[in-house]
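One structure is given below, encoded as structure tokens.
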Amino acid sequence: MLNRKMILFAGLLVLSGSGIAQATELGARSILFDNAANQRALAEQAQYRAYHQQLRLQRQQVAGLRAGAGTSKHG
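Numbering (the working numbering), first residue to last: 1 to 75.
Okay, here's the thing in structure tokens:
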């Protein structure tokens with residue numbers, strides 16, 4: 001009877017150990033995936049900011065040209 005309990009207990013330990021090992025592997029994969037996703041998001045954010053900065057500069061240039069055209073004296 002004691003041997004059966006020990007075998008059952010050992011089997012449960014092995015099963016729980018494999019579950020922990022699998023969870024650890026999945027956790028590591030998840031961290032790698034999240035890290036890659038964060039890098040992509042940061043790159044997209046930088047591209048978005050650069051695009052909008054370029055638009056702001058173009059608007060300022062156009063506004064400057066309009067302001068200059070309105071104050072120029074022909075005569």
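In this text, a Cβ means the ideal position worked out from N, Cα and C, and glycines have one as well.
Exercise. Return yes when the C-beta of Ala36 is under 7 Å from any heavy atom of the ligand PLP, and no when it is not.
Key: The ligand PLP is not part of this structure, which contains no ligands at all.
Between the alpha carbons of Leu65 and Gln58, how many angstroms are there, rounded? Linking Leu65 to Gln58 through their CA atoms gives a straight-line distance of about 11 Å.
Notebook entry, point to check: Hey, how far is the Cα of Leu8 from the Cα of Glu25?
Noted result: 26 Å
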